[in-house]
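Chemist: Questions regarding the structure given below will be posed in turn.
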Amino acid sequence: MNALVIGATGATGKDLVEQLMKDDSFEKVDVFVRRPLDNQHDKLTDHVIDFDQPDTWRDLVKGDVLFSCLGTTIKAAGSKEAQWKVDYGYQYEFAKAARENGVERYVLVSAEFASPKARSFYSKMKGQLEEAVKELGFPKLTIIKPPILMRKGSDRTFEVLGLKAIQFMNKAGLFRSQQPLPTEDLAMAMINSAKRTQDENEPLIGTAIRKRASLKFN
């Protein structure tokens, strides 16, 4: 397969690209980034683009599967409007371009409590994105809603504090269904989702993500 990736410079994206490089099921990997990647590989092509200029990259979004793990925080973006542009706008425009160019598979990393009716800005935004990409008509669409992630070297204060809190409660036997998920496991679940031939009727959540990550394909 030819894989397309956005969000390749984030924690999950880095693990995803690394695993794709090792997977013989993928003969070509095109990543779309704002700055060149450090790693080099024969089957890897990094397209340095301006996400705000879709006419300059739209025709490049051609392949078998689009992986999207793009995302930012309000702190990093600077405002809700700026975060919306990245987490919703950029992702939707890429998904739309991919579908228009005949890409049949789309694997989207969303958020655990995403819902278009959510009260929180972040969860509502993610939920609205889910609904929007469903309308694009991908023959095979997988939406993954992971719990709190274990990112290598995370500098997200609330994420680090939340991770410590949930790990403490897990040790006490609480919230076992919401155990933190390593980004490398999320990346593997994304790859295994792309390899499945069945349609996905429901988003992947909780233990289903871990089960998907552990699948073996010949």
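Going by numbering that gives the first Met the number 0, the final residue of the sequence shown carries number 217, and the count climbs one at a time with no gaps.
From the three backbone atoms N, C-alpha and C, an ideal C-beta is built for every residue, glycine too.
Among F120, V102 and F137, whose alpha-carbon lies nearest the alpha-carbon of D63?
Modeler: Selected option, being the one with the closest Cα: V102.
Chemist: At what residues does the beta strand (DSSP E) containing F31 begin and finish?
Modeler: Here the beta strand (DSSP E) through F31 covers K27 to V32.
Chemist: Quick check on the burial criterion: 16 or more other C-beta atoms within 10 angstroms. Buried or exposed for D86?
Modeler: So D86 ends up on the buried side.
Chemist: From K139, Q18, D22 and F93, pick the residue whose C-alpha is nearest to that of Q197; which is it?
Modeler: Selected option, being the one with the closest Cα: K139.
Chemist: Candidates T182, V16 and T141: which alpha carbon is nearest Q39's?
Modeler: Here the closest residue by C-alpha is V16.
Chemist: What is the DSSP secondary structure of R57, counted as helix, strand or coil?
Modeler: R57: helix per DSSP, three-state reduction.
Chemist: For the beta strand (DSSP E) that R104 lies in, which residues bound it at each end?
Modeler: Segment R104 to V108, the beta strand (DSSP E) holding R104.
Chemist: Using the C-alpha atoms, what's the distance from K210 back to S24?
Modeler: For S24 and K210, the distance between alpha carbons rounds to 20 Å.
Chemist: Go ahead and label A188 buried or exposed: buried means 16 or more other beta carbons lie within 10 angstroms of its beta carbon, across all protein chains shown.
Modeler: Answer is buried; the Cβ neighbour count reaches 16.
Chemist: In chain order, which alpha helix (DSSP H) runs of at least 4 residues are fully inside the segment 114-153?
Modeler: With a minimum length of 4 residues, the continuous alpha helix (DSSP H) runs that stay inside the segment 114-153 are 120-133.
Chemist: Do you know offhand how far K21's Cα is from G88's?
Modeler: Computed Cα separation, rounded: 31 Å.
Chemist: Would you say S213 and V106 are within 9 Å of each other, going by their C-beta atoms?
Modeler: It is not a contact, given that the beta carbons lie outside the stated cut-off.
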